[in-house]
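Enquirer: In the working numbering, the protein residues as written are 146 to 555.
Got a structure for you, questions after.
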Amino acid sequence: MDQITVSSRRGKAGPPLPVARLRWAISLFFALDGFVFAGWVVRIPTIKEQVDASAGALGLALLGVSVGSVTTMLVTGRLCRRYGNHPVTVVTAALLSLSIAFPALTHSALQLGLVLLLFGAAYGGLNVAFNAAAVDLAETIRRPILPSFHAAFSAGGLAGAGLGGILAPHLSPQRHLLILTVIGLVVTVFAGRVLLRVPVPGGGSGPPRDDAAHPGQAPGGATAGRARLFITVYGLITLCTAYGEGALADWGSLHLSADLHTGAGAAAAGYAVFALTMTISRMSGTWLLERLGDTPVLVVGGLLAAVGMLVGALAPQLWLVFLGYALTGLGLANVFPVAVGSAGALGGPQGVAVASTLGYSGILLGPPSIGFLTEAFGLPRALTTIAGLAALAALLGYLVHRGRHRRSPA
C-alpha cells in the first residue's frame, strides 16, 4: 500500500499516512450507514403489522428516529472535539449495528418508538462523526474528496434496499435485521481498526488543537461571529437540498402513479433514476471540484436541480419526468457534501454538526410539507417547492462565496 507524507494544518510534516486505507475505511462507514438504514426502511411495513400499529401510531413511533438523530447531532460535535472523530465514528457505528436488531423485537408502537430513539441517536451521531472525519482527511491531503464518501453512502443504500427486497419474502424481520447487525459489526471491526490505528496528522482522529475550530484565522469575536454566520448559511444550503431528497423519495413515485397514471414498475423506476444519477454524480464529484471549484459546483448544481425538478413536476410525458428526476439527482448530489465540507473547514466537528443538523431537518420537513401543500395546490405544484429551494441553495452558495472572498481576498 502506497504511503505519502502530508503536512498538518500548522505546516509541520506529519508521519507517513496510508491515505488510501484511511479513505476506504471512512467510505465503508458511509456505505454501512446507508446500507443499514435502507435495510430498516424496507421492513417498516412488516414491523407495522407486527406491533399492530395504526398509521398515526406508526408515524409517532417513526418520529423516534428523527428526535434521536437531531438531539444527538450537536452533542456528537462536542464529543468529536473532545475525543476525536475516529473513536466516535467507531463507537456510533457499533451502536447503530446493534440497535438495528431491536425494532424486530418490539410488540407495541410505544416499544418501537423507544428503540427507534436509540437507533436514531446512533444514526445521527455516526453521520456527524464520519462527516467530520471525512472533512479532516480532505483538508489534510488538500483534495475535495467528500462527494466520493457520499457516493459510498448512496451505494450502500442501494445495496441495502436491494438485499432487503431479496430477503423480505423469505426471512422474518428478526432474522433479516440480525443479519444487518452481524454485517455492521464485522464492517465496524474491520474498518474501525484502521481508523483507530491510523491518526490523521493535525486532524480530528484525536482531541483537537486550539486552532482547529477556525484554521488560519485570527482569534477574535468578529472573526468567530463571521465564521458562525457562514456555517449557518452552509447549514441552510444543506437544509434546502436535503428537503428535496426527502420529498422526492417519498412523493416522487406517487407523482408518477397518481398524476401520470403509470404502473407500479414505472413509478418505482422514477425514484431509481433519481438515486442512480445522484450516485453517479457523487462518484465524479471530486473530479468536478478539482477542475471547477466549490462554488461553481454548488451554484450550478442547485440551478440544475431547480430546472430538473420543474420539468419533473410539471411535464406531461413520462420520459420528460424521468429526465427531470435524473437532472435533479445530478444537481443535488454534490451540493450537500460541498456545504458540509465547507462548514467543517470553518468550524471543525461542530461546524459539521450544525450543517448536518440543519440538513437532517430538511429531510424531516420535506415529506410532510409536500403533503400539506398537495392538499391545497395539488402534488405537481407542491413538488415545485423542491425546485425553489434548490435555486435558493444556489443563491446562498453564491452569496457566501462573495462574503468569504471579501473577508480574505488573498
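Even glycine gets a Cβ: it sits at the ideal position worked out from N, Cα and C.
Using only CA atoms, which one of Gly310, His315 and Ala532 lies nearest to Gly447?
Expert: Residue Ala532 is the option with its Cα nearest to Gly447.
Enquirer: Is Leu540 helix, strand or coil by DSSP?
Expert: Correct three-state label for Leu540: helix.
Enquirer: Please return the same chain residues whose Cβ sits closer than 8 Å to the Cβ of Pro318, not counting the five positions on each side in sequence.
Expert: Arg188, Thr191, Ile192, Gln195, Pro248 and Ala249, listed in sequence order.
Enquirer: Measuring only between beta-carbons, confirm whether Ser244 sits less than 9 Å from chain D.
Expert: Absent from the structure is chain D; it holds one protein chain and no more.
Enquirer: Since Leu271 contacts Leu241 with CB under 8 Å, what's their CB separation in whole angstroms?
Expert: Sure, about 5 Å apart at Cβ, within 8 Å.
Enquirer: So for Ile531, helix, strand or coil by DSSP?
Expert: DSSP places Ile531 in helix when its eight states are reduced to three.
Enquirer: Compute the beta-carbon to beta-carbon distance between Leu205 and Ala254, rounded to the nearest angstrom, for a pair I have assumed lies under 8 Å.
Expert: About 7 Å; that satisfies the 8 Å criterion.
Enquirer: When burial is assigned at 16 or more other CB atoms within 10 Å of the CB, is Thr368 buried or exposed?
Expert: Exposed, since its Cβ has fewer than 16 Cβ neighbours within 10 Å.
Enquirer: Closest to Ser293 by C-alpha separation, out of Ala488, Thr431, Tyr228 and Leu518, would be which residue?
Expert: For the residues Ala488, Thr431, Tyr228 and Leu518, the minimum Cα distance to Ser293 belongs to Thr431.
Enquirer: For His114, count neighbouring C-beta atoms within 10 Å of its own C-beta (all shown protein chains included) and say buried if the count is 16 or more, exposed if not.
Expert: The chain is shown from 146 up to 555; residue 114 falls before or after that span and cannot be answered.
Enquirer: Which residue's Cα is closest to the Cα of Ala500: Ala392, Leu443, Arg427 and Gly380?
Expert: The shortest Cα separation from Ala500 among Ala392, Leu443, Arg427 and Gly380 belongs to Gly380.
Enquirer: Give the list of continuous alpha helix (DSSP H) stretches no shorter than 4 residues that lie fully inside the segment 163-192.
Expert: With a minimum length of 4 residues, the continuous alpha helix (DSSP H) runs that stay inside the segment 163-192 are 164-186.
Enquirer: Please report the straight-line C-alpha distance between Ala539 and Asp197, rounded to a whole angstrom.
Expert: Taking the straight line from one Cα to the other gives about 44 Å.
Enquirer: For Leu203 and Val210, what's the separation of their Cα atoms in angstroms?
Expert: Near 12 Å, if we compare the C-alpha coordinates of Val210 and Leu203.
Enquirer: Roughly how many whole angstroms lie between the Cα atoms of Pro525 and Val280?
Expert: Answer to the nearest angstrom: the Cα atoms are 37 Å apart.
Enquirer: If you check the beta carbons only, do Leu401 and Ala412 fall under 9 Å apart?
Expert: Closer than 9 Å, so yes.
Enquirer: Leaving out five residues before and five after Ala297 in sequence, what residues of the same chain have Cβ atoms less than 6 Å from its Cβ?
Expert: If we look at Ala297 and ignore the five residues flanking it on each side, its Cβ neighbours are Ser172, Phe175 and Ala176.
Enquirer: Identify the continuous alpha helix (DSSP H) that holds Ser244 and give its terminal residues.
Expert: First-last of the alpha helix (DSSP H) with Ser244: Asn230 to Ser244.
Enquirer: Mind checking Gly548: buried by the 16 CB within 10 Å criterion, or exposed?
Expert: Exposed, since its Cβ has fewer than 16 Cβ neighbours within 10 Å.
Enquirer: What's the gap between the Cα of Val343 and the Cα of Val334?
Expert: Rounded to the nearest angstrom, the two C-alpha atoms are 14 Å apart.
Enquirer: Would you mind working out which of Ala266, Arg227, His231 and Val235 sits nearest Ser244, comparing C-alpha positions?
Expert: For Ser244, the nearest C-alpha among the options comes from Ala266.
Enquirer: How many angstroms separate the CA atom of Met218 from the CA atom of Thr502?
Expert: Roughly 6 Å separates the two Cα atoms.
Enquirer: Go ahead and pull the three-state DSSP assignment for Gln195.
Expert: Gln195 falls in the helix class under three-state DSSP.
Enquirer: Taking the alpha helix (DSSP H) that Ala283 belongs to, which residues open and close that run?
Expert: Its alpha helix (DSSP H) spans residues Ala254 to Ile286.
Enquirer: What is the DSSP secondary structure of Ala557, reduced to helix, strand or coil?
Expert: Residue 557 is absent from the structure shown; the chain starts at 146 and stops at 555.
Enquirer: For Val545 and Leu468, I'd like the C-alpha separation in whole angstroms.
Expert: About 30 Å.
Enquirer: Taking Gly222 and Ala498 to be in contact with their CB atoms under 8 Å, please state how far apart those CB atoms are, rounded to whole angstroms.
Expert: With a Cβ gap of about 3 Å, Gly222 and Ala498 count as contacting.
Enquirer: Indicate whether Arg373 and Gly492 have their beta-carbon atoms separated by less than 9 Å.
Expert: It is a contact, given that the beta carbons lie within the stated cut-off.
Enquirer: Kindly indicate which residue of Thr216, Ala536 and Glu284 has the alpha-carbon position closest to the one of Gly269.
Expert: Considering only alpha carbons, the answer is Thr216.
Enquirer: Output the distance between the C-alpha atoms of Leu104 and Ser514, rounded to the nearest integer angstrom.
Expert: Nothing can be reported for residue 104: it is not among the residues displayed for the chain, which extend from 146 to 555.
Enquirer: Below 8 Å on the Cβ atoms is my guess for Ala387 versus Tyr505; work out the distance and round it to an integer in Å.
Expert: With a Cβ gap of about 7 Å, Ala387 and Tyr505 count as contacting.
Enquirer: So, is Gly438 buried or exposed, given that buried needs 16 or more other C-beta atoms within 10 angstroms?
Expert: Exposed.
Enquirer: At the level of alpha carbons, what is the spacing between Ile328 and Ala521?
Expert: So the two alpha carbons sit approximately 45 Å from each other.
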